[in-house]
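In this note's numbering, the protein residues as written are 5 to 256. For glycine and all other residues, C-beta sits at the position ideal for the given N, C-alpha and C.
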Amino acid sequence: MINAVREFGVGVGLLARGFRLVLSSGSMLLKGAVPALLSSLVLFGGLVALAVNLGDLVSWMTPFADGWSQTWQTILRIGVGISVAVLAVAVSVLVFGALTLIIGGPFYESIAEQVEDTELGGVPSAQQVGWGRSAWIGVRDAVLLIARIVLWGIVLFALGFVPVVGQVVVPVLAVLVGAWLLAVELTAIPFVRRGQGLKERRRALKGRRAMTLGFGTPVYLLCLIPLAALVVFPAAMAGGTLLAHRALTEPR
């Protein structure tokens, strides 16, 4: 348990180091902020539309509760509403990550390369990813990872019907699942530059699970703040490059 907490702290530290690198380099910050801004505008509109119509959506999903007492009907629909909102946010963060990487693939590859050259001594025989390849990786990873979050979403949605558990456990589990999948997304480019695919990436990150969650959890939570992603995402790419290096060179 102590080792897991220490590893979690190491992951947080990698993100903090990513922030220091990006904030000390105007070029890295600018390169990472522009794609994040475009993605934020698209997804923010979708989340606003969901928020406006959430009450009607929950009522449509729970017609069987219309004849219940007001107290139990309210408890149920609050739980379901929280589950729907949590799932929508989890999916939106992953879609945001994938869309940002698709739009700004060359920019984020440049950030990864700069971090590797200045902080890690470079990557021998590094592969050039390029926009077309990074876009394909972003689309493919998005489909696979969103499929996973949807499967988890079914479980979380079912838990949302359970009073108390649905309001407490569901948000925590959703954050952890979303943080893990987001970390997998953010380390794509550094792994591909080293000739490693999604399967190898997941295996390496599982070997440092607590560290990966320590990195991904604050990234996930910070990305929920409107426009914070303009700074968070470039820093997360820098930190994700450091995470990939640690996961590959110091496996557990």
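**Study point:** Whether Gln202 touches Leu148 by CB criterion (9 Å)
**Key:** According to the sequence displayed, residue 202 carries Leu and not Gln. Against a cut-off of 9 Å, the Cβ pair of Leu148 and Leu202 comes out as a contact.
**Study point:** Boundaries of the alpha helix (DSSP H) in which Phe111 is found, first to last residue
**Key:** For Phe111, the enclosing alpha helix (DSSP H) covers residues Gly109 to Glu123.
Exercise for review: Please report how far the alpha carbon of Met215 lies from the alpha carbon of Leu27, in whole angstroms.
Suggested key: Taking the straight line joining both Cα atoms gives about 23 Å.
Check your understanding: Under a three-way DSSP split, which group does Met215 fall into?
Key -> Helix, per DSSP.
Review point. Smallest Cα separation from Gly82: which of Met5, Phe100 and Val172?
Key: Note on residue identity: the sequence assigns Ile, not Gly, to residue 82. Closest option to Ile82, Cα to Cα, is Val172.
**Study point:** Span separating the alpha-carbon of Met65 from that of Thr191
**Key:** Spanning the alpha carbons of Met65 and Thr191 requires a straight line of approximately 37 Å.
Check your understanding: In its own chain, which residues sit with a C-beta less than 7 Å from the C-beta of Gly22, not counting the 5 before and 5 after it?
Key -> Apart from the 5 residues on each side of it in sequence, Gly22 sits with its Cβ closer than 7 Å to the Cβ of Ala239, Ala240, Ala242, Gly243 and Leu246 in its chain, given in chain order.
Point to revise | Run of the alpha helix (DSSP H) containing Val127, from where it starts to where it stops | key: Note, Val127: premise wrong, no alpha helix (DSSP H); not H, not E.
Review point. Should Phe100 and Leu25 be called a contact, given that it needs their Cβ atoms to be closer than 9 Å?
Key: No, the Cβ-Cβ distance between Phe100 and Leu25 is not below 9 Å.
Exercise for review: Apply the 10 Å Cβ neighbour rule to Phe111 and answer buried if 16 or more other Cβ atoms are within range, or exposed otherwise.
Suggested key: Burial call: buried.
Check your understanding: Leu209 lies in the alpha helix (DSSP H); which residues open and close that run?
Key -> Here the alpha helix (DSSP H) through Leu209 covers Leu202 to Lys210.
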